[in-house]
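The structure appears below as structure tokens.
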Amino acid sequence: MDRLGLLERVMGDLVEGRPRLARAHALAAVVADPSPALSLAAVADFWLGDFAGGARHAGQALELADDDPARALALAAAALVATGDPADRCEERVLLAVDAGLAGERGGRWGTAVCYLATEAALVSARLDVANRMLAVWPGPEREWAGHPLALQAAACWARLAIFTGRVDEALALTSELRRPGESSRLAVLSHSVDCLVLGHAGHPEAMAARQRVEEAVPVEPTDWVERGVLMLLAFGATAMGDTRAAAELILRAGGDAGLRRCTLIDRALGLEVLLSAALDEGDAVAAAAWVVQLEEIETHPISAPSVDRALARALLAQGDLEAARARALRSVAACREHERLVEAADGEIVLAQVSIAAHDVASAVRGLRATVTAADLSGHTSVRRRAASTLGSVRRRLPPVVGAGWAALSEREAEVARLILGGADQAEIAQTLFLSPHTVRVHTSRVLCAFGVSTRVGLLAAAGYTPLASDDVKPLPALSPRQGEVVTLLAQGRSNAQIASELGVSVKAVEKHVGDVRARWGASSRFEVARRWWGEQQRG
Numbered sequence: 001m002d003r004l005g006l007l008e009r010v011m012g013d014l015v016e017g018r019p020r021l022a023r024a025h026a027l028a029a030v031v032a033d034p035s036p037a038l039s040l041a042a043v044a045d046f047w048l049g050d051f052a053g054g055a056r057h058a059g060q061a062l063e064l065a066d067d068d069p070a071r072a073l074a075l076a077a078a079a080l081v082a083t084g085d086p087a088d089r090c091e092e093r094v095l096l097a098v099d100a101g102l103a104g105e106r107g108g109r110w111g112t113a114v115c116y117l118a119t120e121a122a123l124v125s126a127r128l129d130v131a132n133r134m135l136a137v138w139p140g141p142e143r144e145w146a147g148h149p150l151a152l153q154a155a156a157c158w159a160r161l162a163i164f165t166g167r168v169d170e171a172l173a174l175t176s177e178l179r180r181p182g183e184s185s186r187l188a189v190l191s192h193s194v195d196c197l198v199l200g201h202a203g204h205p206e207a208m209a210a211r212q213r214v215e216e217a218v219p220v221e222p223t224d225w226v227e228r229g230v231l232m233l234l235a236f237g238a239t240a241m242g243d244t245r246a247a248a249e250l251i252l253r254a255g256g257d258a259g260l261r262r263c264t265l266i267d268r269a270l271g272l273e274v275l276l277s278a279a280l281d282e283g284d285a286v287a288a289a290a291w292v293v294q295l296e297e298i299e300t301h302p303i304s305a306p307s308v309d310r311a312l313a314r315a316l317l318a319q320g321d322l323e324a325a326r327a328r329a330l331r332s333v334a335a336c337r338e339h340e341r342l343v344e345a346a347d348g349e350i351v352l353a354q355v356s357i358a359a360h361d362v363a364s365a366v367r368g369l370r371a372t373v374t375a376a377d378l379s380g381h382t383s384v385r386r387r388a389a390s391t392l393g394s395v396r397r398r399l400p401p402v403v404g405a406g407w408a409a410l411s412e413r414e415a416e417v418a419r420l421i422l423g424g425a426d427q428a429e430i431a432q433t434l435f436l437s438p439h440t441v442r443v444h445t446s447r448v449l450c451a452f453g454v455s456t457r458v459g460l461l462a463a464a465g466y467t468p469l470a471s472d473d474v475k476p477l478p479a480l481s482p483r484q485g486e487v488v489t490l491l492a493q494g495r496s497n498a499q500i501a502s503e504l505g506v507s508v509k510a511v512e513k514h515v516g517d518v519r520a521r522w523g524a525s526s527r528f529e530v531a532r533r534w535w536g537e538q539q540r541g
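The letter at position 522 of the sequence shown is residue 522 when you use the numbering used here, and the numbering goes up by one with no holes.
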């Protein structure tokens with residue numbers, strides 16, 4: 001069997017859940033083609049969670065590599081296995097692997113497989129900036145590996161990269177590529193777990209619908225990286241939806257021991273953070289201290305350090321050491337942003353806000369979370385809004401509604417205010433009707449306008465629709481001149497005088513005169529009332 005045939009066979013066995021067979025095939029080929037065979041044995045070791053064995057095989061492969069394709073594969077394998085070894089500062093290995101992948105032949109099955117493994121190594125080492133650099137110039141193995149299980153494994157890598165860099169809308173689009181007719185049950189489980197992760201971060205109500213089915217499809221004791229990864233993805237999706245207890249159960253099942261040592265370093269750090277959070281949520285200081293000990297084992301590794309800093313900030317916050325908690329959280333956020341770990345950066349911002357609230361600096365918490373949520377909304381990362389809203393709710397503060405989300409973004413009281421505005425009530429009337437202060441009515445009004453993505457009450461009418469009142473005069477309105485009719489039609493759509501003038505090719509002063517004449521003719525007290533009467537006339541036909 002030539003090296004390409006061996007690559008196809010080993011990767012097929014790995015993706016389909018036969019890692020021990022894959023390693024046996026690789027080791028059986030060492031005599032015929034030593035370096036590629038040892039590299040593939042190292043990849044199989046990684047799948048099995050045998051990081052020490054993988055490091056040994058990858059090191060031998062690098063020593064024996066006597067051509068560029070073999071060396072590129074060896075570098076990718078070495079980078080991959082290093083992501084599970086706390087003693088290996090693997091940043092240089094990841095950079096070398098990606099550089100070799102980019103410098104080599106990126107076409108053909110060999111080149112695309114090497115690029116996939118290098119990208120996976122960058123993702124699993126939490127160097128998302130490096131992984132994105134690879135994807136910026138490489139289309140992926142879809143075409144070259146069509147019909148082979150590796151194609152779907154790589155597609156899952158793309159979706160995971162998109163979600164962990166906070167590009168939730170992009171990840172949602174990518175998940176559709178994971179659902180393919182005729183795929184094996186194992187690949188279906190992988191695709192469903194990615195769905196749970198992505199939908200969880202998107203705040204979708206059906207995010208965990210498939211969780212039980214996926215969970216039951218994984219052996220009680222997972223045997224390889226994919227099975228452990230499926231459980232971890234389910235856990236991270238559950239965490240995004242606020243179900244920390246369920247996430248903790250999944251993580252313990254995936255990890256193999258209290259330190260989660262069968263997992264990669266990033267999964268260990270993120271998993272231990274969930275376990276710590278679950279203990280803190282239940283007020284169990286003893287359990288929390290136990291998880292802190294496990295986190296401290298991987299505190300200094302560049303892969304896990306930002307996640308550990310954030311986790312320990314949570315513990316310090318619970319202990320009341322606000323200064324130390326703030327320092328940890330700030331360091332975590334900075335490191336995560338540097339390496340494009342934007343989901344983690346948002347988590348860190350929420351911890352920072354919690355520290356500010358504990359320090360009675362609510363204004364800083366509100367400012368920080370509003371900026372974080374605004375950025376998250378743009379990429380579809382809806383779960384950030386839910387968690388930020390929960391944090392601010394503890395001090396009776398609220399986030400601005402999602403711009404353009406309409407009625408769904410409004411509270412019950414805000415919806416009452418919106419209906420009264422649309423019915424023609426002024427601020428004083430709304431305050432009297434709802435027993436609110438004028439200031440509170442103004443705050444609610446601004447949130448209503450934001451929710452519909454408009455800046456004026458006339459714009460709100462155009463976006464939300466006319467609401468008739470029993471007191472409305474239903475008699476036909478006095479007729480307007482053709483030009484007045486054009487002006488009022490545009491006015492009711494939310495156009496400014498300048499916009500109306502531009503569209504009709506007249507001066508702003510002419511528009512102002514037409515609006516004034518219409519107000520007098522219709523007995524309307526304001527521009528808004530003109531718009532209401534026009535919309536009422538349209539509704540009555």
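Yeah, the Cβ is synthetic: ideal placement off N, Cα and C, and Gly gets one too.
Collapsed DSSP secondary structure at R143 in the structure displayed
Here residue 143 corresponds to residue number 143 of the sequence shown, with the count starting at 1. Coil, per DSSP.
Could you check how far apart the C-beta atoms of W158 and L174 are, in whole angstroms? I think they sit under 8 angstroms.
Numbered from 1 along the sequence shown, position 158 holds the residue referred to as residue 158. Numbered from 1 along the sequence shown, position 174 holds the residue referred to as residue 174. A Cβ-Cβ distance of about 5 angstroms is found for the pair W158 and L174, placing them in contact under the 8 angstroms criterion.
Taking only three categories from DSSP, how would you classify E282?
Residue mapping note: residue 282 aligns to position 282 of the sequence shown, counting from 1. In the three-state scheme derived from DSSP, where H, G and I count as helix and E and B as strand, E282 is classed as coil.
Buried or exposed for V530, please, with buried defined as at least 16 other CB atoms from any protein chain shown within 10 angstroms of its CB.
Counting from 1 along the sequence shown, the entry for residue 530 is found at position 530. Around the Cβ of V530, a 10 Å sphere holds 16 or more other Cβ atoms; the residue is buried.
Test item: CB-CB of V292 and A315 under 8 angstroms:
To locate residue 292, count along the sequence shown from 1; it is residue 292. To locate residue 315, count along the sequence shown from 1; it is residue 315. Contact flag set, yes.
R495 by DSSP, collapsed to three states: which one?
Walking along the sequence shown from the start, residue 495 turns up at place 495. For R495, the three-state secondary structure derived from DSSP is coil.
Pair within 8 angstroms by beta-carbon distance, G84 and F46
One-based indexing of the sequence shown puts residue 84 at position 84. One-based indexing of the sequence shown puts residue 46 at position 46. Between G84 and F46, the gap from beta carbon to beta carbon is short of 8 angstroms.
Euclidean distance between Cα positions of C450 and S502:
As a first step, residue 450 is located in the sequence shown; it is residue number 450 there, counting from the start. As a first step, residue 502 is located in the sequence shown; it is residue number 502 there, counting from the start. Straight-line Cα distance between these residues: approximately 26 angstroms.
In whole angstroms, what separates the C-alpha of A408 from that of A329?
For the purposes of this step, residue 408 is taken as the residue at position 408 of the sequence shown. For the purposes of this step, residue 329 is taken as the residue at position 329 of the sequence shown. The straight-line gap from Cα to Cα measures roughly 33 angstroms.
Rounded to whole angstroms, how far is the Cβ of A100 from the Cβ of A121, which I believe are closer than 8 angstroms?
Start at 1 with the first residue of the sequence shown, and residue 100 comes out as number 100. Start at 1 with the first residue of the sequence shown, and residue 121 comes out as number 121. Distance from A100 to A121 at the Cβ level is roughly 11 angstroms; contact not present, criterion being Cβ atoms closer than 8 angstroms.
Taking 8 angstroms as the cut-off, does the region 380 to 392 touch the region 414 to 426 (at least 3 CB pairs, one atom from each stretch)?
Contact fails: fewer than three Cβ-Cβ distances are below 8 angstroms.
Quick one: any contact between the region 497 to 512 and the region 420 to 438, if contact means 3 or more CB pairs under 8 angstroms?
Contact between the region 497 to 512 and the region 420 to 438 is absent, because fewer than three Cβ pairs lie under 8 angstroms.
Which runs of the beta strand (DSSP E), 3 residues or longer, sit entirely within the region 17 to 100?
The beta strand (DSSP E) runs of length 3 or more contained entirely in the region 17 to 100 do not exist; there are none.
Relative to the C-alpha of A375, which candidate in E349, W145, W534 has its C-alpha closest?
Taking the sequence shown and counting its residues from 1, the one referred to as residue 375 is at position 375. Among E349, W145, W534, the Cα nearest to that of A375 belongs to E349.
Tell me the DSSP secondary structure of D377 in three-state form.
Taking the first residue of the sequence shown as 1, we reach residue 377 at position 377. Correct three-state label for D377: helix.
I need the straight-line Cα distance from A32 to L64, nearest angstrom please.
Here residue 32 refers to the residue found at position 32 of the sequence shown. Here residue 64 refers to the residue found at position 64 of the sequence shown. Distance between the alpha carbons of A32 and L64 is about 12 angstroms.
Tell me the rounded alpha-carbon separation between E249 and P468.
For this step, residue 249 is matched to residue 249 along the sequence shown. For this step, residue 468 is matched to residue 468 along the sequence shown. Roughly 54 angstroms separates the two Cα atoms.
Between the region 112 to 127 and the region 260 to 279, do three or more beta carbon pairs fall short of 8 angstroms?
Touching, yes, given that three or more Cβ pairs across the two stretches are closer than 8 angstroms.
First and last residue of the uninterrupted alpha helix (DSSP H) at D243:
Position 243 of the sequence shown, counted from the start, is the residue given in the question as residue 243. That residue, D243, is in no alpha helix (DSSP H); it is neither H nor E in DSSP.
Is there contact between the region 320 to 328 and the region 286 to 302, where contact requires at least three CB pairs shorter than 8 angstroms?
These segments do not touch.
With DSSP run on the structure shown, which of helix, strand or coil describes Y466?
By 1-based counting over the sequence shown, the position of residue 466 is 466. Three-state DSSP puts Y466 in coil, outside helix and strand.
From D309 to P438, what does the alpha carbon distance come to, in whole angstroms?
Working through the sequence shown from its first residue, we reach residue 309 at position 309. Working through the sequence shown from its first residue, we reach residue 438 at position 438. In this structure, the alpha-carbon of D309 lies about 45 angstroms from that of P438.
For W522, the first and last residue of its enclosing alpha helix (DSSP H)
Translated into the one-based positions of the sequence shown, residue 522 becomes position 522. Per DSSP, W522 belongs to the alpha helix (DSSP H) from 508 to 522.
Backbone CA spacing between R370 and E338 [nearest angstrom]:
One-based indexing of the sequence shown puts residue 370 at position 370. One-based indexing of the sequence shown puts residue 338 at position 338. Here the alpha carbons of E338 and R370 stand approximately 21 angstroms from one another.
Would you mind reading off the limits of the alpha helix (DSSP H) that contains T391?
The residue you call residue 391 lines up with position 391 of the sequence shown. For T391, the uninterrupted alpha helix (DSSP H) segment begins and ends at 382 to 393.
C-beta atoms of L276 and A288 nearer than 8 angstroms:
For the purposes of this step, residue 276 is identified with residue 276 of the sequence shown, where counting begins at 1. For the purposes of this step, residue 288 is identified with residue 288 of the sequence shown, where counting begins at 1. It is a contact, given that the beta carbons lie within the stated cut-off.
Alpha-carbon to alpha-carbon, L187 and Q153
For this step, residue 153 is matched to residue 153 along the sequence shown. For this step, residue 187 is matched to residue 187 along the sequence shown. Between the alpha carbons of Q153 and L187 lies a gap of roughly 8 angstroms.
If we call anything under 8 angstroms between Cβ atoms a contact, is A207 one with E177?
Taking the sequence shown and counting its residues from 1, one reaches residue 207 at position 207. Taking the sequence shown and counting its residues from 1, one reaches residue 177 at position 177. No, the pair does not count as a contact, with Cβ atoms beyond the cut-off.
Start-end ranges of the alpha helix (DSSP H) lying completely within the region 103 to 135, minimum 4 residues:
The region 103 to 135 contains these whole alpha helix (DSSP H) runs: 108 to 124.
Taking just the CA atoms, how far does G516 sit from S379?
The residue given as residue 379 occupies position 379 in the sequence shown. The residue given as residue 516 occupies position 516 in the sequence shown. Answer to the nearest angstrom: the Cα atoms are 44 angstroms apart.
Roughly how far, in whole angstroms, is the beta-carbon of A335 from the beta-carbon of A325, given that I think they are within contact range, below 8 angstroms?
What you label residue 335 is simply residue 335 of the sequence shown in a count that begins at 1. What you label residue 325 is simply residue 325 of the sequence shown in a count that begins at 1. Contact doesn't hold; Cβ gap of about 16 angstroms is too wide.
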